[in-house]
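**Student:** Residue numbers (our numbering): 774 to 1004. If you scroll down you'll find the structure; I have some questions about it.
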Amino acid sequence: MNIEVALSPELIHLYDVTDKTVVVVDILRATSCMVTAFAHGVDSIMPFADLEECRAMSKQGYITSGERNGEKVEGFDKGNSPFEYMDLRGKKIAFTTTNGTQAIHKSTGAKEVVIGAFLNLSAVAKHVLDHQNNILVVCAGWKGRVNLEDTLFAGALVEKIKTEVKIEDDSALMAQHAYVLAKADMLSFLKPASHIQRLHRLGIQEDIKYCLTEDKYTIVPRLKDKSLLVL
774 MNIEVALSPE LIHLYDVTDK TVVVVDILRA TSCMVTAFAH GVDSIMPFAD LEECRAMSKQ
834 GYITSGERNG EKVEGFDKGN SPFEYMDLRG KKIAFTTTNG TQAIHKSTGA KEVVIGAFLN
894 LSAVAKHVLD HQNNILVVCA GWKGRVNLED TLFAGALVEK IKTEVKIEDD SALMAQHAYV
954 LAKADMLSFL KPASHIQRLH RLGIQEDIKY CLTEDKYTIV PRLKDKSLLV L
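Set out below in structure tokens:
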């Protein structure tokens, strides 16, 4: 098994994903919301790249959830804070975000797509080792650009399974080194990061602390057909 890291969804075309488990990560905050929602009993999440397609799912009884530029989409039921996803047991969610759902959409040719966050880091590590596929971590980034928090998750996953896999590319190595530097105090390490600053301007602090919490949950959402499920 080998592990690679695409630091942005714009780089996915450089990888053959057909034999891979792709781990999509958007720490702040889409995949953290998704993991939280499943941990609190939601039935399914259907990710959308297109905002209006997501909005239309309300007619089919879905909870509409989404953000653009870090803020809740007008007219949607939920935004992009994980604390909004703790009371939706049994519900179906249609979800669209600036970066995370775009990354999922671009990963759909993979052998398997799973959702990663610090919240379920060890569970994701166990899953990818159990399934024995080559691994590609796809960092959602910010509008095609690299961001630090998703890179740190990629590095954390590499660090956790490094004795069982071959580190295949320099981006995986870079991410691993960054995580080793950051892990003692990720909140301080990330303080100058662009998206952290963006969320601070929106008055969002508790979300950041929560999304950097490791191993709060043990579930691994997976893409089946067009929906995310915990199987």
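We put the beta carbon where it would ideally sit given N, CA and C, even for glycine.
What is the DSSP secondary structure of A810, counted as helix, strand or coil?
**Tutor:** Mapped onto the sequence shown, residue 810 falls at position 37. Helix.
**Student:** Could you tell me the alpha carbon to alpha carbon distance between P965 and Y952, rounded to whole angstroms?
**Tutor:** Here residue 965 corresponds to residue number 192 of the sequence shown, with the count starting at 1. Here residue 952 corresponds to residue number 179 of the sequence shown, with the count starting at 1. When rounded, the distance between both Cα atoms is 16 Å.
**Student:** Do V901 and I934 have their C-beta atoms within less than 9 Å of each other?
**Tutor:** Within the sequence shown, residue 901 is the residue found at index 128, counting from 1. Within the sequence shown, residue 934 is the residue found at index 161, counting from 1. In contact: V901 and I934 (Cβ atoms closer than 9 Å).
**Student:** How is N907 classed by DSSP in three states: helix, strand or coil?
**Tutor:** Indexing the sequence shown from 1 puts residue 907 at position 134. Three-state result, N907: strand.
**Student:** What residue from I992, C984 and G843 has the CA that sits closest to L960's CA?
**Tutor:** By 1-based counting over the sequence shown, the position of residue 960 is 187. The shortest Cα separation from L960 among I992, C984 and G843 belongs to C984.
**Student:** Tell me, to the nearest whole angstrom, how far the beta carbon of N853 is from that of G914; I am working on the premise that it is less than 8 Å.
**Tutor:** Here residue 853 corresponds to residue number 80 of the sequence shown, with the count starting at 1. Here residue 914 corresponds to residue number 141 of the sequence shown, with the count starting at 1. Not confirmed; about 15 Å, so no contact.
**Student:** Can you tell me whether DSSP reads K956 as helix, strand or coil?
**Tutor:** On the sequence shown, residue 956 is found 183 positions in, with the first residue counted as 1. K956: helix per DSSP, three-state reduction.
**Student:** Which same chain residues end up closer than 7 Å to L921 when comparing Cβ atoms and leaving out the 5 residues on each side of it in sequence?
**Tutor:** On the sequence shown, position 148 is the one that residue 921 refers to. L963 and A966.
**Student:** What does the alpha-carbon distance come out to for the pair L784 and S944?
**Tutor:** Numbered from 1 along the sequence shown, position 11 holds the residue referred to as residue 784. Numbered from 1 along the sequence shown, position 171 holds the residue referred to as residue 944. Distance between the alpha carbons of L784 and S944 is about 11 Å.
**Student:** Between N842 and E932, what straight-line distance do the alpha-carbon atoms span, to the nearest angstrom?
**Tutor:** By 1-based counting over the sequence shown, the position of residue 842 is 69. By 1-based counting over the sequence shown, the position of residue 932 is 159. Their Cα atoms are separated by approximately 31 Å.
**Student:** Based on the DSSP secondary-structure assignment, which residues constitute the bridge partners of P820?
**Tutor:** By one-based count along the sequence shown, residue 820 stands at place 47. P820 pairs with F868.
**Student:** Could you tell me the boundaries of the beta strand (DSSP E) in which I836 lies?
**Tutor:** As a first step, residue 836 must be located in the sequence shown, where it is residue number 63. From DSSP, the beta strand (DSSP E) with I836 extends over I836 to R841.
**Student:** What does L1001 pair with, by DSSP beta-bridge criteria?
**Tutor:** As a working mapping, residue 1001 is identified with position 228 in the sequence shown. Partner(s): I818 and L996.
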